[in-house]
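To start, the structure under review is shown below, and the notes come after it.
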Amino acid sequence: MARKMDYGNWAQVIGKYDLQARRGSILSMLPADVAFASIEGGEPRVRLKGIDARQTVLFDVLVNPMTPSCGPVGPDHLFEEFVPVTPALKDVKLFIDDAEVAQYAPGARNPGGQLKLAAPAEGRLHHIPLEGDVPVAANVSYMLQVRPEGDERWHTMAAGVAQPSTANLDINQFPGAVALDVRVLRTNGLETVEILRERKDF
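Going by the UniProt record's numbering, the sequence shown opens with residue 1, and the numbers climb by one from there.
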């Protein structure tokens, strides 16, 4: 399927739907700087709508079905769609035949809590844990990334984590590194922010 590309402030929405049963769900929503859309158009019976605090519709788009290249096709179909993000956006709702079947409310922008790199436990000196009281919050997830000294890339060590203190850094993944930059990113569906950056020298 041909795709077109656009830059801006977007969110990638992943979900699934069953047209026969008229049910569906929104599985995830992640911020994106680049949006991809089908040139041919989407599924005409399935739409995503963005809603503000006054229940005004901010956008109304068809979803882009993800068609498997092989194997049997069941009643559930995955979809991917990119939707525009504005400060007014409060909820994203999924509709089948004009009936609402699911909604996704972005998570809190700042659930609170503190986070830091902790000392390794006895016998696990190559594991550096994260320590803090950042709470679990609906539709908020965290990503742990590491960048070795001299490397321009950030390496993802954990993603989609509900509570960052459950992740830890294994320094054996970067043999010979003289220093590591460590950061934790928080995502609420609309934006991604860095909540921790520390450097470990060896």
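Cβ coordinates follow ideal geometry from the N, Cα and C atoms, glycine included. Being a predicted model, the structure only gives us computed values, none of them experimental.
DSSP-derived helix/strand/coil call for residue i
i	result
M1	Because the pLDDT of M1 is 46, which lies under 50, any placement of that residue in the model is unreliable, and the question is left without a value.
N64	strand
T166	helix
N172	helix
T156	strand
G132	strand
V85	coil
D98	coil
A121	coil
According to DSSP, residues forming a beta bridge with residue i
i	result
L19	Note: L19 sits in no beta bridge, so no partner.
residue 205	For residue 205 there is no data in the structure shown, the boundaries of the chain being 1 and 202.
D33	DSSP output for D33 lists no bridge partner at all.
V92	G50 and Y104
V161	Y142
residue 204	Absent from the model: residue 204. The displayed extent of the chain is 1 to 202, so no value can be given.
T192	T187
D6	A35
H127	D170
Rounded C-alpha distance that separates residue i from residue j
i	j	result
A2	L94	Annotation note: pLDDT 49 at A2 (below 50); position unreliable, no value reported.
G176	P148	9 Å
Q114	H155	23 Å
D201	D181	9 Å
N139	P164	14 Å
I195	Q20	44 Å
T187	F174	26 Å
V57	I51	5 Å
M66	A119	45 Å
Nonlocal neighbours in the same chain, by C-beta distance under 7 Å from residue i, ignoring five residues either side
i	result
D170	H126 and H127
A162	V136 and S141
D60	R47 and K49
Below-8 Å beta-carbon distance, residue i vs any chain D residue
i	result
Q114	Here there is only one protein chain, and chain D is not present.
Close-in-space but distant-in-sequence residues of the same chain around residue i (CB under 8 Å, 5 per side omitted)
i	result
A32	W10, A11, Q12 and F82
K16	G24, S25, L27, D76, H77, L78 and F79
Other residues of its chain near residue i: CB distance less than 6 Å, five sequence neighbours each side excluded
i	result
A35	D6, W10 and F82
V193	R186
R22	I96
E198	L117 and V182
- Task: Say whether the segment 93-107 touches the segment 116-127, bearing in mind that this needs 3 or more beta-carbon pairs closer than 8 Å, one atom from each stretch.
- Result: At 8 Å Cβ cutoff, the stretches do not touch.
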